[in-house]
Amino acid sequence: MHLCVSGAAFGRLVGEGLATLFPDGFNIDGHIYHIVPGAYAVIGAAALTAGVTHTISTGVIMMELTGQINYALPILISVILANMVSQSLQPSIYDTVIRIKKLPYLPMLSWDHRE
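Okay, so the sequence shown: first residue is 181 according to the numbering used here, each after it adds one.
Written out as structure tokens, the structure is:
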């Protein structure tokens, strides 16, 4: 829950900053796209939660929570990017807790089938 709130706060901050910089929105090919800070909050919550937990299902959960199909693509892109970056930098929060508590777990299996 704290991850969603922190991510939503940062996303909202970014959305409000962009809305301040571009009060009329973006004009792309004659279409004006207004900036919705609430959408940035949802995307930030999904991205931070996905980055810490290393799960893609966070995007699906956020899409179901909002009920807005037009947010599906930005949510999924942010979740996938956050997951890719975080996997290259650190283990997930669940793996970290397992290692700290020294709990038994299955080791990583190699994809090498030569034995």
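From the three backbone atoms N, C-alpha and C, an ideal C-beta is built for every residue, glycine too.
Can you name the start and end residues of the alpha helix (DSSP H) that residue i belongs to?
i, result
"I212", "Where I212 is concerned, there is no enclosing alpha helix (DSSP H), although the beta strand (DSSP E) it sits in stretches over 211 to 213."
"I241", "237 to 246"
"Y220", "217 to 233"
Using the three-state DSSP reduction, which class does residue i fall into: helix, strand or coil?
i, result
"R190", "One point to set straight first is that residue 190 is Phe, not Arg, in the sequence displayed. Note: F190 maps to helix in three-state DSSP."
"P271", "coil"
"M181", "coil"
"P254", "helix"
"L201", "helix"
"L261", "helix"
Quick one: give me the first and last residue of the beta strand (DSSP E) that residue i is part of.
i, result
"I249", "Where I249 is concerned, there is no enclosing beta strand (DSSP E), given that its DSSP letter is neither H nor E."
"F206", "206 to 208"
Output needed for residue i: all residues of its chain with C-beta closer than 8 angstroms, excluding positions within five of it in sequence on either side, in chain order.
i, result
"I215", "G195, L198, A199, F202, G205, F206"
"A189", "A221, G224"
Can you find a CB in chain D that lies within less than 7 angstroms of the CB of residue i?
i, result
"G191", "Absent from the structure is chain D; it holds one protein chain and no more."
For residue i, collect the residues of the same chain with a Cβ closer than 6 angstroms to its Cβ; drop the 5 residues on either side in sequence, then sort them by chain order.
i, result
"P254", "I223"
Measuring CB atoms only, is the region 262 to 271 touching the region 213 to 231, in the sense that at least three cross pairs come out at less than 8 angstroms? yes
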